[in-house]
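Student:
Number of protein chains: 4
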Amino acid sequence: MHNLISDYLGEILDDVRDHVDGEIPTYITSLTKADPDWLGIAMCTTSGRVYEAGDAEVLFTIQSVSKPFIYALALQECGLERVLDVAGMEPSGEAFNELSLREEDKRPLNPMINAGAIAVNQLINGEDSSVEDRVDVIFDFLSKLAGRELEMDEESAVDELEKADRNLSIAHMLRSHDVIVDAAHDAVDSYTRQCSALVTVRDLAVMSGTLANGGVQPVTGEKLLDPEVCRQTLSVMSSCGMYDAAGRWMARVGIPAKSGVSGGLIGMLPGQLGIATLSPRLDPAGNSVRGVDVFEDLSTDMGLHLMSTEHRTGSHAVRSVDRSGEDTIITLQGVVTFTAAEEILHKLNSLDFVSERVVLDVSRVIDSHSMGRRMLKEQLQRIREAGYDIAVVDPDAELRGRQLSDGSQIPLAEDL
Amino acid sequence: MHNLISDYLGEILDDVRDHVDGEIPTYITSLTKADPDWLGIAMCTTSGRVYEAGDAEVLFTIQSVSKPFIYALALQECGLERVLDVAGMEPSGEAFNELSLREEDKRPLNPMINAGAIAVNQLINGEDSSVEDRVDVIFDFLSKLAGRELEMDEESAVDELEKADRNLSIAHMLRSHDVIVDAAHDAVDSYTRQCSALVTVRDLAVMSGTLANGGVQPVTGEKLLDPEVCRQTLSVMSSCGMYDAAGRWMARVGIPAKSGVSGGLIGMLPGQLGIATLSPRLDPAGNSVRGVDVFEDLSTDMGLHLMSTEHRTGSHAVRSVDRSGEDTIITLQGVVTFTAAEEILHKLNSLDFVSERVVLDVSRVIDSHSMGRRMLKEQLQRIREAGYDIAVVDPDAELRGRQLSDGSQIPLAEDL
Amino acid sequence: MHNLISDYLGEILDDVRDHVDGEIPTYITSLTKADPDWLGIAMCTTSGRVYEAGDAEVLFTIQSVSKPFIYALALQECGLERVLDVAGMEPSGEAFNELSLREEDKRPLNPMINAGAIAVNQLINGEDSSVEDRVDVIFDFLSKLAGRELEMDEESAVDELEKADRNLSIAHMLRSHDVIVDAAHDAVDSYTRQCSALVTVRDLAVMSGTLANGGVQPVTGEKLLDPEVCRQTLSVMSSCGMYDAAGRWMARVGIPAKSGVSGGLIGMLPGQLGIATLSPRLDPAGNSVRGVDVFEDLSTDMGLHLMSTEHRTGSHAVRSVDRSGEDTIITLQGVVTFTAAEEILHKLNSLDFVSERVVLDVSRVIDSHSMGRRMLKEQLQRIREAGYDIAVVDPDAELRGRQLSDGSQIPLAEDL
Amino acid sequence: MHNLISDYLGEILDDVRDHVDGEIPTYITSLTKADPDWLGIAMCTTSGRVYEAGDAEVLFTIQSVSKPFIYALALQECGLERVLDVAGMEPSGEAFNELSLREEDKRPLNPMINAGAIAVNQLINGEDSSVEDRVDVIFDFLSKLAGRELEMDEESAVDELEKADRNLSIAHMLRSHDVIVDAAHDAVDSYTRQCSALVTVRDLAVMSGTLANGGVQPVTGEKLLDPEVCRQTLSVMSSCGMYDAAGRWMARVGIPAKSGVSGGLIGMLPGQLGIATLSPRLDPAGNSVRGVDVFEDLSTDMGLHLMSTEHRTGSHAVRSVDRSGEDTIITLQGVVTFTAAEEILHKLNSLDFVSERVVLDVSRVIDSHSMGRRMLKEQLQRIREAGYDIAVVDPDAELRGRQLSDGSQIPLAEDL
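Protein chains in written order, with the UniProt record's numbering: chain D, 1 to 416; chain A, 1 to 416; chain F, 1 to 416; chain G, 1 to 416.
1. Assign Glu81(G) to one of three DSSP states: helix, strand, or coil.
2. When you compare the CB of Leu273(D) with every CB in chain A, is at least one pair closer than 8 Å?
3. Cα separation between residue 418(G) and Phe338(G)?
4. Starting from Ser259(F), follow the beta strand (DSSP E) in both directions and report where the run begins and ends.
5. May I have the straight-line CA-CA distance separating Pro218(A) from Ser405(A), to the nearest angstrom?
6. Name the chain F residues that come within less than 7 Å of Arg175(A), Cβ to Cβ?
7. Spatial neighbours of Gln381(D) within its chain, please: CB distance less than 7 Å, with the 5 preceding and 5 following residues excluded, ordered by chain position.
8. Check whether the Cβ of Leu99(F) lies closer than 8 Å to any Cβ atom in chain A.
9. Here's a check: name, in chain order, each residue in its chain whose Cβ is nearer than 8 Å to the Cβ of Gln409(A), leaving out the five neighbours to either side.
10. Does the Cβ of Ala413(G) have 16 or more other Cβ atoms within 10 Å, making it buried, or fewer, making it exposed?
11. Beta-carbon separation of Ser208(F) and Gly267(F) under 8 Å?
12. Do Thr309(G) and Ala212(F) have their C-beta atoms closer together than 8 Å?
13. Taking the beta strand (DSSP E) that Gly209(F) belongs to, which residues open and close that run?
14. Quick one: residues in its chain with C-beta nearer than 7 Å to the C-beta of Thr32(A), no 5 flanking neighbours on either side, listed in chain order?
15. Is the beta carbon of Val318(A) less than 8 Å from the beta carbon of Glu343(A)?
16. Report buried or exposed for Ser368(D), applying the criterion of at least 16 other Cβ atoms within 10 angstroms of its Cβ.
17. Restricting to Cα atoms, I'd like to know which of Met173(A), Pro91(A), Gly303(A) and Asp415(A) is closest to Ile118(A).
18. On the three-state DSSP scale, how would you describe Thr331(G)?
19. Based on Cα-Cα distance, which residue from Trp249(A), Ile170(A), Leu145(A) and Ile275(A) lies nearest to Asp186(A)?
20. Would you decide whether Ile113(F) is buried or exposed? Buried here means 16 or more other CB atoms lie within 10 Å of its CB.
21. Please state if the CB of Ser66(G) and the CB of Ala197(G) are separated by a distance shorter than 8 Å.
22. Determine the direct distance from the alpha carbon of Leu4(D) to that of Glu378(A), and round the result to whole angstroms.
23. Our contact map puts Leu306(F) next to Leu332(F) with C-beta atoms below 8 Å; I'd like the distance itself, whole angstroms only.
24. Check whether the Cβ atoms of Val365(G) and Ile390(G) sit closer than 8 Å, and answer yes or no.
25. Can you name the residues that DSSP bridges to Asp322(D)?
26. Does DSSP classify Thr61(G) as helix, strand or coil?
27. Got a sec? Which residues, its chain only, sit under 8 Å from Pro280(G) by beta carbon, not counting five neighbours each side?
28. Any C-beta of chain D sitting closer than 8 Å to the C-beta of Gln63(A)?
29. Please confirm whether Asn110(D) has its beta-carbon closer than 8 Å to some beta-carbon of chain A.
30. Output the distance between the C-alpha atoms of Asp203(A) and Arg373(D), rounded to the nearest integer angstrom.
31. Please classify Lys67(G): does DSSP put it in a helix, a strand, or coil?
32. From the DSSP output, which residues share a beta bridge with Ala276(F)?
33. Suppose the cutoff is 6 Å on Cβ atoms and the five residues either side in sequence are ignored; what does the same chain contact list for Asp297(G) look like?
34. Quick one: residues in its chain with C-beta nearer than 6 Å to the C-beta of Gly10(F), no 5 flanking neighbours on either side, listed in chain order?
35. If you run the structure through DSSP and keep just helix, strand and coil, what is Gly372(G)?
36. Please work out which residues of its chain come closer than 7 Å, Cβ to Cβ, to Thr200(F), disregarding the five sequence neighbours upstream and downstream, and give them in chain order.
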């Protein structure tokens, strides 16, 4: 059976294929080598399943799509505070200011614009790093995200550096405000090479899937980033990622996203998916014309809009309630978030236990949030205080320890 | 057993209780009657369960917290296009512009600032409506959202109207640009009365829960708004709701929110929760000091940040796969979103059917998205094309019709 | 003999007569009654001679051309410091801000924009003044400036007040920032009546001539304003008077100017001329199309550009040096400015006095600046210290006292 | 006798000597070598007389004070249109924009800010010029302005170039918008050398005097610039010259001016004076603290404010009216501007000629404007048409030809 999801992705590509508006930018020679008709998409679930359609294996330079990934790397290496020293997290709005520096402290408004991305690049491997070492660290990280060794388009890097007046202007300005310490040329060199990583939309989907998956590469299972880093990165993408006005993108598409000048576009649904498209023709704002179309389709047709009220979780956290001898066995499933825990507690409160023991079976729980675990344990303690025995079935130690707040332990229901 | 969730909410209040920074604004007399120590919280799940702690029953004027609700009402009454005619959806950033009108067309930047809210208020009940009729419609709607008859603080309405120079300035400017047609005084009168609805945090939690629930009041079950209206409203709140800079709020809290000058603050998690707090002391930006604290706690401790990668859905969409005679019965559960459907299809593709018939049991599915249903049906069709009989268990017509794309019907597995 | 200057003015009108671009604004009914072909000019020297051509006797409402005059009146009544409290003196540039209030203190940027003019209007006759009394004071002042009783176009005042949403918006905003204390409606009423004074270009030329003449009405000889007030008013006009960008107007025309929506345009050359034109069709910036043309012609062809390096003064301050018996008689003429005094001193220093007495004849000096007088006296003292007798011919006490810095008196040369 | 003007200048220096606020900038090494107590002034009349006081012979780098001179050179070399291609003429206001480029076309707002000055520097000697040749042309011009060979502070040039991140940022941005074609480094090198010319305040006073004198170096008499170029330069200085807000400087001082980071400050009174001061301590806006004080004194005490209504010209244009036989001889003097001509015509019109011939003696006229000459000739023609003989005494051909508009010639009064 041919894969249905890939078929759907292919259908979406077909829907937008005839939208040939937009232009390939001509100021970078390597970009002009792109086939304007390229059209590809890939999607990677947090479970590590990848679907693709169209030109999913075409190699192109990553360009600005690298920004969120290197931002995440800087957050992981240096921590949020240090990164906020060199780049804020506010949308730049209509770019009234050529350099998009904050009035008050001359820091770039956010890491998704060039000024911020150049400043963030300089944090990688320490400010004293050589360009070579820094670029090595960056490529090593990008390669781990993609799950394969990424190469640099050397010709593109050289070409862009030669035409980098705007970025050199930015780098000199950043230096004049002590945001970066490296020579302007070196800073731009380093950033330009970051932008020259050769990727496919399949790569980008997996890389995005890693961010959506809290930092664990969903295919290789390698832990690359902390969940907090991913959350911060997705947050900044949601307000600053698209050259489009922030509010409009959030309303119309509702997926944190980032586009690049080579026609790439990525998006993430936290906990669910990474998505990437390729279509080289850009609109005047610099976003891929058909890439934007595809994301609008994905948002509307597939219900991927983050503000969609149909994204209910919980609602089936209690898989079953069974009576077995002296036990009432409550079997949970899914992810125990706060919302799921609330539902579980509601269910437990509504039960009229007639048994002697209440057993919570969490063996089907696939993940849990600390607040969710805390709530379950607290509720068990209350059940015990109400006079029942309690126990858990927890073969994978999902509860991360069975100690209650009164110091006692929840026994394992080893007899089940 | 005392309710654990309410206890947690109480703990969060205790955590912030000593944070007595901020001031009660003095320019509106009625606000100065507030007790600065008021501190309350309420939470309403999309299942209609309400939890509260602290001063949850104190009545206060709704003020700017009314904005998202009346925006939703206008969207419901007039449609998105008409509403966009009078208010955009971009963050106003640091309010460089007293009036926050867009340069290009002199429309308010968004409906969460006064200019936009006054313009949106004027859409309700038609531009020709009398102030009385318009206010009646508004109060009727707010009352339905709250599930009880809301009253107006007449004294506050009169007092604010007398000191409404800023709003009158805005209204005259809106008139001069033909955004509104009513007399400036009447427009401000109407808006001021909207702001004078008396509510509790319990009311606000239920009202917010309605938006989070796709427009169905979760306690009364009354359908008040379309899901698209709720999505649009939450989207605009996520980028424009807090006087705080949009990007920072999204990164630190990650919950679409709206604050008001009387100390109220609401937030929604789409599909999950409505939340409301009350604490009258405001920070210089005009947000409730302890309200912001509480939301940061909720976001961090309870894992309610929208960009949290721990919000996994799907993952347990297939409740069970059972062999029963000639049937393989696949029982689904939860909400069939795209992500859930992807998981289901993956499961189905990985199964090696040895039975003659494949039965999809959707009786435990609590909701489904159109794309999810489409994917299920398409997959069933492919299974049939692969040589199997197919059937569904769908007592509640969750699949909204059983016709496949080839025109045939999926039979009901009536024998099960 | 027909007057040559008037003929020249007529020629300039003929040069621009065919330039029929621009539109009469339609938002004020009274303006639409204007004949778009009206074209008039008048010029008034500081000696009180008036020249005119074209439609110099047509009555029209003064509108924004009243702003510099009422600004001067406020300066005269309240002093610079008080006036700066309510309006700055910076150009508003491209009006990015609907209200053109300063970021830092919410004061109008300058008195030549509506916000500033409304605020300045409120200073006249004290903030507690009734509208009637304030308007009376204003009309009394404008009438003295014009040298005839000016009337109000009552119909226009009423009409404009009805359509004054923009000005009402401004007035409410000014009230909200405590710039004005009067009710917004009254403030706009007062300002609108100021704008409704009926004038001819002849009136405006004489009124402008008064400002150019240091505050002495050049025809009636009445002293209405202090020279410092006129200097301040002309300065502000030079940077803020034209809706056109400040720098461009200064470079192309170089005459402090102010235009009005009814097609009036005034300009002043300090110490020399007041000029006024009427042509109702406006360019998109709101300036009279042919009025601007005329001023460009006046600037270029007549050499009236303030930055023209051909404006040499001094150069003939010493009328003659005569030997008469034991006297060397130095006869001065013209205005003894610093520059003229420098020339005089240079001449005196270069003379080789062989006489016993040096007599300075200032009877032909028509005016003198304090620094010029100080320099003359100091130089005389030095001449006496060098061993010569000194004396002056000063029948009109042009030297304002004959005391020297050493306490002695310069004797009058009564024998001459 | 000691020179009185110099004494006055010395007194003004003494008045401000104790004002030791401000700081010497430390980012350029050569600037830190300045003695903070340096205080000097020089003044040069358009007649070529130079007065000075204090540290008038101290050498310092010209820095931004070079901007108006090189702007004038570019205007002279390329014409206004070409220069406007690379730099506008609007004040930059409070520098909200790091680069002060116009939104619409990314051109620098004016030539008095670094972006504009760098762009204008690139015009000199053609865009293809080598840096060496361009700098040679610039130094040759500056030397002619000063009347002596100026030298470059090579050490300063090298030092500034090393720390030129801000200017390099600007140059790269200008290149990215095709405002300049040279390599960014070369452009900044060229501009930095321009800024490193070593001058005294005496030099600057003479150089400024040249601009005030319509382009003729007042000491050497060499014609270096056209009057239109000087007018344009002074106009732009009047609105954009001081880092201070344009309107405030115009109101308080009223003298077109330009300051530099090394503590220099120049000003011009068109047709009258060039002025220069030196005092190295700068206010936060970057202007010399005591330099600004001195200019305020000069403006107030010496009456040099351009908007001063005491600057009357004309008023004594008719030196005498004499009857001699059949002749009425009208002797003119001074500069025949439009205003002077108006006065002359008024006088002529008021005379009741009883003679047969009217003779206009222009031998004492020191200069005349084309409009003034045209008016005199036209008036003579009318006198002849009224039946009188006419003749002129014009030994220096001040009238530039004696042909009248009817084709006839005015005879010379050779018999006088």
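Heads up, the beta-carbon is just placed ideally off N, CA and C, and yes, glycines get one too.
Computed from a prediction, not measured in an experiment: that's the story for all the values here.
Tutor: On the basis of the supplied data:
1. When DSSP states are grouped into helix, strand and coil, Glu81(G) belongs to the helix group.
2. So yes, Leu273(D) belongs to the interface.
3. Outside the shown range of chain G, which is 1 to 416, sits residue 418(G), and nothing can be said about it.
4. From DSSP, the beta strand (DSSP E) with Ser259(F) extends over Ala257 to Ser259.
5. 35 Å
6. Asp165
7. Leu404, Ser405 and Asp406
8. yes
9. Arg402 and Gln403
10. buried
11. yes
12. Taking the C-beta atoms as reference points, Ala212(F) is found nearer than 8 Å to Thr309(G).
13. Where Gly209(F) is concerned, there is no enclosing beta strand (DSSP E), although the alpha helix (DSSP H) it sits in stretches over Val201 to Ala212.
14. Correct list, in chain order: Ile24 and Thr26.
15. yes
16. buried
17. Met173(A)
18. strand
19. Ile170(A)
20. Around the beta-carbon of Ile113(F), 16 or more other beta-carbon atoms lie within 10 Å, marking it buried.
21. yes
22. 8 Å
23. Cβ atoms of Leu306(F) and Leu332(F) stay farther apart than 8 Å, at about 26 Å.
24. no
25. Ile329(D)
26. strand
27. Cβ within range, chain order: Ile24, Leu31, Ala34, Asp35, Pro36, Trp38, Phe60, Ser262, Gly263 and Ser288.
28. no
29. Taking Cβ atoms only, chain A reaches closer than 8 Å to Asn110(D), which makes this a yes.
30. 29 Å
31. helix
32. Ala42(F) and Ile266(F)
33. Ile12
34. Ala53
35. If DSSP states are grouped into helix, strand and coil, Gly372(G) belongs with the helices.
36. Ala56, Glu57, Val58 and Leu59
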